[in-house]
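Heads up, the thing below is written out as structure tokens.
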Amino acid sequence: MNDPVRHLYVHLPFCAHRCGYCDFVTVVGRRGQHAAYVDGLLAELEHERELLAPELETVFLGGGTPTFTEPRELERLLAALPPAAEITVEANPETVTRKLAALLRRSGVNRVSLGAQTFQPKLLRMLERVAGPDDVRKSVYHLRDAGFDNISLDLIYGIPGQGPSDLAADIEGALALRPEHLSCYELEAKPGTRFAHAHGEELRRQAEAMEGYFESVVETLVAAGYRWYETANFCRAANLDSKSRDLRSRHNLAYWRGRDYLGLGIGAVSTVRGRRWRTTPRLALYLSALHEGRRPLRELEPLADSVQREERVMLGLRLDEPLPVAPVAASLDTDALARLERLGLARIDRFEPDHPGAAVTLTHRGRLLGDAVTADLLA
Amino acid sequence: MDLERIRNFSIIAHIDHGKSTLADRILELTKTVSGREMRAQVLDTMELERERGITIKAQAVRVNWRTDELNLIDTPGHVDFTYEVSRSLQACEGAVLVVDAAQGVEAQTVANAYLAIENNLEIVPVVNKIDLPQADPDGAAAELAELVGGKPEDVLRISAKTGEGVAEVLDAIVERIPPPSGDPAAPPRALVFDSSYDQYRGVVAFVRVVDGAFAAREPVRAMAQGTRFEAEEVGFFSPTMKAAETLDAGEVGYVITGLKDVSRLRVGDTLTSERNPAAEPLPGYKDVKPMVFAGLFPTDSDDYPDLRDALERLKLNDAALFYEPETSQALGFGFRCGFLGLLHMEIVRERLEREFDLDLLVTAPNVAYRVLERNGEWLEVHNPAEMPRELDAVEEPYVHASIIVPKGYVGPVMELNNDRRGRFDHMEYLSPERVLLSYELPLAEIVLDYYDQLKSRTRGYASFDYDVAGFREGELARVDIVIADEPVDALSMIVHRDAAYARGRALVERLKEEIPRQYFDVAVQAAIGSRVIARETVKAKRKDVLAKCYGGDITRKRKLLEKQKAGKRRMKQVGAVEVPQEAFLAVLNLNDGSKK
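As they're listed, the protein sequences go chains A and B.
Here our numbering is used: the first residue of the first sequence is 1, the next is one more, and so on.
Here our numbering is used: the first residue of the second sequence is 1001, the next is one more, and so on.
The structure is reproduced here in structure tokens:
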């Protein structure tokens, strides 16, 4: 029960510019505060140290734009974090120079997740991204040159004005760079973002036309030899990798498998032993608390057993691996399961749901309709 | 009490013309309630009534004015309750007819005045709200005098709000309304003009004693139904319950019956003494027949027993409410309920939801049909799904409709009535500006959105009233809706043959919009018998998943999922298809094929 936490998320909120569609906790500019922030992170780490295993499975630096952080501060942070088997850093293409790639490599980072989003200049402008298509390519070359053999690209589809041929060109552009991993997200106009305000109506109008985009992303990538291992995530199949590696994101798998994780930094979320908390998103509050030797303010969310089971189902069904029924049986509607099986949306591995070895997997179509299927499946 | 010293009267008025305010002022002026006790509009007890400004249940209050005992019998204000109004009026010798000085006579005023005249009541005409800046007391008085066949100078002019002229109204009641007639020595007879249910004391009957006297602990019999009980207590309201030794001839009051079964004492029945029974009941008892029907289903099928209990309780206070169990393939177990009219239906629904905390799905209302079957027998059908497909003739109820409009709106109203299969009867000028239009209309054309249409086409100026004229043969067709090969009984409708195609098409188009996309294609069809007259397809959805879900998104994602789940719970399962409750109401606002 008191297993130490083996997955660490570190939030680096700084960005050169806030993109219109972004609803993450970000802080624009403030170069002067990067050092203070890293001090804060390291102080917070000390507060939580006893939760963590001495050696971690994964560390993930997300943002914001982690690679926008002052290189000296980024290096200091990476040096101070506990060792881990997988260390991922998110990067924006325009920040990845030859020098930065080398810095990451020598700091022990072994996986980079690159926010490419799209290769069409007009769509990049729509997203207010700073980088151009060539920046994406250049940054991949720099990373390869520095020795990175596990690179992930983020793509966004469903951008206002994006036609089917734009989508095909984007996927082609990404595949040409032979990434080990791809994350493909449909653009969401999240309430309250500038983007939702400016383009929400247009997105709703084109919703039906874009419904097929997700399907074609999945089909194209699977045809190109990628494993669709999570709703929005693809990795090069092990048999196609020169080293036969499992290229799934170990850090994100931890979320989807319901493992505990610790988050450091403003707005970061942790889930440990049935409790979830979110650290204050306000930079000044965060820094002053840690400066005074206190833990920063956090918003607590206790997770009842039933809620934990529901989350296990909700997250587990995003994966292409079977979800064991026994631990979540109390939250499953077996009638609905039988109905979904008849409709060809779910499969149960052992026919009797009570069987200790029984497990549910969603079919290809079931995964495309995953939210509705999950809502049906939960009792 | 000497009969000569008693006056029994009602106040009748169009909604908002000031009936309740006048009643309040009378209670104050006669010191029946002190200023401290005075709640605005004492007589309207139910929360619902307050909000809607209408009085659902009659009550009677005794007040003393100079040397006389006056009984004010409150009447429901709406046409749906004509029978209840008529029973209340039968308990009186006179009525104060109130008209708003700014609005003048309305369709409902006309209907109520005729009802009072039919019941041989002495009418005291009153123009109210003379304090309003836009008041036209002379105009309203002239219309009122014309209506009741009197002289404008006999019309009292008051402001119930300020109290001006209210004492004169009380004096006029004593002077103009005759005292009750009746024989104090004859075997006791009392008219039940209303009843109420108290959970501790059972059914409380409101009565007008005609002959003899009633006392507590006497055995009593209801003559029409044969129900027997012992009067636990008799008394009157002033304004709260006050027990009395006896209720004598001419008086108005209550009898606590101790009856637990609401259906055993109907409004209109005659009470008599078991020991000294009267030979004949009072005239006028009638088992009121509902004309408008709808299915009521609990949203959550577990609430079915609660709905049954609630209907039983409502029925106690509402002799006109009819219900019988109904099983719908689409909606499960519920009740087919019969109502006097649309307002009655609305009130019952709101009371079920508000007072009994039930979540209900109410199907589109329909009227009662009389069907001549192939075997030569007449059958009354309350549910379109039960309309036989093989039949010789169908009859539907018609109403006499009175519509009063400013003369500029006669055209649009005629057009509406023609669209609704109306038959023009006659038209008369009530004043140089206002016209009364009389039509015969099928009730079925009114139960959907007639009133809304009338209001919108006349910018709210029309006033409308109707009473049932009887059944007439009609060219009617039953249109069924089939969703994914599953006939949906709750969506069947009976429509005029000429409109069947357009209505079927419009309903199918509406359903296509209302039914969310499912895991598979869903065909929505309208059919007459086996002939499909319209078809649409709700395309299967291809994607329903949130792209991103990492450590910081889980709570938000879970909440969205819970919302999605709650949305599904509000759906009704029709075969394998999830149909939102709203879809069952789609038929309510179809506009003959043209989209709004």
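Backbone N, C-alpha and C fix where the C-beta goes; we use that ideal spot for every residue, glycine too.
- prompt: Where does the unbroken beta strand (DSSP E) through B:Lys1242 begin, and where does it stop?
  reply: Here residue 1242 of chain B refers to the residue found at position 242 when the second sequence is read from its first residue. In the DSSP annotation of this structure, the continuous segment of the beta strand (DSSP E) that includes B:Lys1242 starts and ends at Met1241 to Ala1244.
message: Looking at the secondary structure, which residues open and close the alpha helix (DSSP H) in which B:Tyr1114 lies?
response: Locating residue 1114 of chain B in the second sequence gives position 114, where the first residue counts as 1. Looking at the DSSP string, the run of the alpha helix (DSSP H) that includes B:Tyr1114 is Ala1107 to Glu1118.
- request: In angstroms with no decimal places, state the Cα-to-Cα distance between B:Ser1530 and B:Arg1389.
  value: Locating residue 1530 of chain B in the second sequence gives position 530, where the first residue counts as 1. Locating residue 1389 of chain B in the second sequence gives position 389, where the first residue counts as 1. When only Cα atoms are considered, B:Ser1530 and B:Arg1389 end up about 10 Å apart.
- prompt: Roughly how many whole angstroms lie between the Cα atoms of B:Arg1052 and B:Val1488?
  reply: In the second sequence, counting from the first residue as 1, residue 1052 of chain B sits at position 52. In the second sequence, counting from the first residue as 1, residue 1488 of chain B sits at position 488. Only weak support is given to the placement of B:Arg1052: the predicted model assigns it a pLDDT of 41, under 50, and the value that follows is read from those uncertain coordinates. Their Cα atoms are separated by approximately 34 Å.
Pairwise C-alpha distance: B:Val1447 and B:Leu1476: Translated into positions along the second sequence, residue 1476 of chain B becomes position 476. Translated into positions along the second sequence, residue 1447 of chain B becomes position 447. Answer to the nearest angstrom: the Cα atoms are 16 Å apart.
- request: Go ahead and label B:Asp1044 buried or exposed: buried means 16 or more other beta carbons lie within 10 angstroms of its beta carbon, across all protein chains shown.
  value: As a position in the second sequence, residue 1044 of chain B is number 44, starting the count at 1. Residue placement at B:Asp1044 is flagged as unreliable, the pLDDT there being 48, under the threshold of 50; the coordinate-derived value follows with that caveat. By the neighbour-count definition (other C-beta atoms within 10 Å, threshold 16), B:Asp1044 is a buried residue.
query: Using a C-beta to C-beta distance shorter than 7 Å, which residues of chain B count as neighbours of A:Gly212?
result: Along the first sequence, read from residue 1 onward, the residue named residue 212 of chain A stands at position 212. By Cβ distance, chain B contributes Arg1542.
- prompt: Could you give the residue range of the beta strand (DSSP E) that holds A:Glu301?
  reply: Working through the first sequence from its first residue, we reach residue 301 of chain A at position 301. Counting along the chain, the unbroken beta strand (DSSP E) around A:Glu301 starts and ends at Arg298 to Pro302.
task: Return no unless some Cβ of chain B is closer than 8 Å to the Cβ of A:Thr374.
output: The residue labelled residue 374 of chain A in the question sits at position 374 within the first sequence. Chain B, which has a Cβ nearer than 8 Å to the Cβ of A:Thr374, makes this yes.
task: Output the boundary residues of the beta strand (DSSP E) element that contains B:Ala1469.
output: Looking up residue 1469 of chain B in the second sequence gives position 469. Annotation: the continuous beta strand (DSSP E) that includes B:Ala1469 extends over Ser1463 to Glu1473.
field: Cβ neighbour criterion (16 or more within 10 Å) applied to A:His7
entry: As a first step, residue 7 of chain A must be located in the first sequence, where it is residue number 7. Looking at its Cβ environment, which holds 16 or more other Cβ atoms inside 10 Å, A:His7 is buried.
message: Let me confirm a value: B:Asp1300 is counted as buried when at least 16 other C-beta atoms fall within 10 Å, else exposed. Which label applies?
response: Looking up residue 1300 of chain B in the second sequence gives position 300. Exposed, because fewer than 16 other Cβ atoms sit within 10 Å of the Cβ of B:Asp1300.
- request: For A:Leu240, count neighbouring Cβ atoms within 10 angstroms of its own Cβ and tell me buried if that reaches 16, exposed if not.
  value: Here residue 240 of chain A refers to the residue found at position 240 of the first sequence. Exposed.
task: Could you have a look at B:Ile1446 and say whether DSSP puts it in helix, strand or coil?
output: For the purposes of this step, residue 1446 of chain B is taken as the residue at position 446 of the second sequence. In the structure shown, B:Ile1446 adopts helical secondary structure according to DSSP, grouped into three states.
- request: Give the single residue among A:Ser306, A:Val373 and A:His355 whose Cα lies nearest to the Cα of A:Leu337.
  value: Along the first sequence, read from residue 1 onward, the residue named residue 337 of chain A stands at position 337. Considering only alpha carbons, the answer is A:Val373.
- prompt: Within 8 Å (strictly less), CB to CB, does A:Arg250 reach chain B?
  reply: Reading the first sequence from its first residue, position 250 is the one you call residue 250 of chain A. Not closer than 8 Å to any Cβ of chain B, the Cβ of A:Arg250 fails to qualify, so no.
field: Rounded C-alpha distance that separates A:Ile159 from A:Glu186
entry: Position 159 of the first sequence, counted from the first residue, corresponds to residue 159 of chain A. Position 186 of the first sequence, counted from the first residue, corresponds to residue 186 of chain A. Cα-Cα distance, rounded: 8 Å.
- prompt: Skipping 5 residues on each side, what residues in its chain have a beta carbon closer than 7 Å to that of A:Glu311?
  reply: Here residue 311 of chain A is taken as the residue at index 311 of the first sequence, counted from 1. Around A:Glu311, the same chain offers Gly258 as residues with beta carbons nearer than 7 Å, after the five sequence neighbours per side are excluded.
query: Which residue from B:Asp1521, B:Arg1497, B:Gly1149 and B:Glu1118 puts its Cα closest to that of B:Ala1527?
result: Counting from 1 along the second sequence, the entry for residue 1527 of chain B is found at position 527. The residue among B:Asp1521, B:Arg1497, B:Gly1149 and B:Glu1118 with its C-alpha nearest the C-alpha of B:Ala1527 is B:Arg1497.
Proximity of A:Ala169 and A:Phe119 at Cβ, strictly below 8 Å: By one-based count along the first sequence, residue 169 of chain A stands at place 169. By one-based count along the first sequence, residue 119 of chain A stands at place 119. In this structure, A:Ala169 sits near A:Phe119, with a CB-CB distance shorter than 8 Å.
- prompt: Does the separation of the CB atoms of B:Leu1029 and B:Leu1170 fall below 8 Å?
  reply: In the second sequence, the residue the question calls residue 1029 of chain B occupies position 29. In the second sequence, the residue the question calls residue 1170 of chain B occupies position 170. A distance below 8 Å separates the beta carbons of B:Leu1029 and B:Leu1170.
message: Using the three-state DSSP reduction, which class does B:Gln1573 fall into: helix, strand or coil?
response: Locating residue 1573 of chain B in the second sequence gives position 573, counting from the first residue. Note: B:Gln1573 maps to strand in three-state DSSP.
- prompt: Going by alpha carbons, who is nearest to B:Val1126 out of B:Leu1089, B:Ala1107 and B:Glu1164?
  reply: The residue given as residue 1126 of chain B occupies position 126 in the second sequence. Among B:Leu1089, B:Ala1107 and B:Glu1164, the Cα nearest to that of B:Val1126 is on B:Glu1164.
- request: Give the interface partners of A:Leu345 over in chain B, defined as CB-CB distance under 9 Å, in chain order.
  value: Stepping through the first sequence from its first residue, residue 345 of chain A is reached at position 345. Below the 9 Å Cβ cutoff, chain B contributes Tyr1519 as neighbours of A:Leu345, in chain order.
- request: Taking A:Glu94 and A:Ala146 to be in contact with their CB atoms under 8 Å, please state how far apart those CB atoms are, rounded to whole angstroms.
  value: In the first sequence, residue 94 of chain A corresponds to position 94, counting from 1. In the first sequence, residue 146 of chain A corresponds to position 146, counting from 1. Incorrect: roughly 17 Å between the Cβ atoms, too far for contact.
message: Quick check: is the beta carbon of A:Leu123 nearer than 8 Å to any beta carbon in chain B?
response: As a first step, residue 123 of chain A must be located in the first sequence, where it is residue number 123. A:Leu123 does not count as touching chain B.
- request: Would you check if there are 3 or more beta carbon pairs closer than 8 Å linking the stretch 1510-1522 of chain B to the stretch 1535-1553 of chain B?
  value: Under the Cβ criterion (8 Å, minimum of three pairs), the stretch 1510-1522 of chain B counts as touching the stretch 1535-1553 of chain B.
query: Taking Cβ positions only, does A:Arg129 come closer than 8 Å to chain B?
result: Locating residue 129 of chain A in the first sequence gives position 129, where the first residue counts as 1. For A:Arg129, no Cβ of chain B is located within less than 8 Å of the residue's own Cβ.
- request: Quick one: residues in its chain with C-beta nearer than 8 Å to the C-beta of A:Tyr226, no 5 flanking neighbours on either side, listed in chain order?
  value: To locate residue 226 of chain A, count along the first sequence from 1; it is residue 226. Cβ within range, chain order: Leu182, Phe234, Cys235, Arg236 and Ala237.
- prompt: Counting only beta-carbon atoms, is B:Gln1090 nearer than 8 Å to chain A?
  reply: Here the question's residue 1090 of chain B lines up with position 90 in the second sequence. False, the Cβ-Cβ gap to chain A never drops below 8 Å.
query: Is it buried or exposed for B:Pro1178, if we count other Cβ within 10 angstroms and need 16 for buried?
result: The residue you call residue 1178 of chain B lines up with position 178 of the second sequence. Per the 10 Å Cβ criterion, exposed.
Length at least 4, wholly inside the stretch 1185-1229 of chain B: the alpha helix (DSSP H) runs in chain order: Within the stretch 1185-1229 of chain B, no complete alpha helix (DSSP H) run reaches 4 residues.
message: Quick check: B:Asn1366 and B:Ile1494, are their CB atoms within less than 8 Å of each other?
response: Your numbering for residue 1366 of chain B matches position 366 in the second sequence. Your numbering for residue 1494 of chain B matches position 494 in the second sequence. Less than 8 Å divides the Cβ of B:Asn1366 from the Cβ of B:Ile1494.
- request: Measure how close the beta-carbons of B:Leu1072 and B:Ile1026 come, nearest whole angstrom, since I'm counting them as under 8 Å.
  value: Position 72 of the second sequence, counting from 1, holds the residue named residue 1072 of chain B. Position 26 of the second sequence, counting from 1, holds the residue named residue 1026 of chain B. For B:Leu1072 against B:Ile1026, the beta-carbon gap comes to about 6 Å, under 8 Å, which counts as contact.
task: Per DSSP, which residues does B:Ala1401 bridge with? Please list them.
output: Numbered from 1 along the second sequence, position 401 holds the residue referred to as residue 1401 of chain B. Answer by DSSP bridge pairing, in chain order: B:Tyr1439 and B:Tyr1466.
- prompt: When DSSP labels each residue in this structure, what does B:Arg1434 get in the three-state scheme?
  reply: Looking up residue 1434 of chain B in the second sequence gives position 434. Collapsing the DSSP output to three states places B:Arg1434 in a strand.
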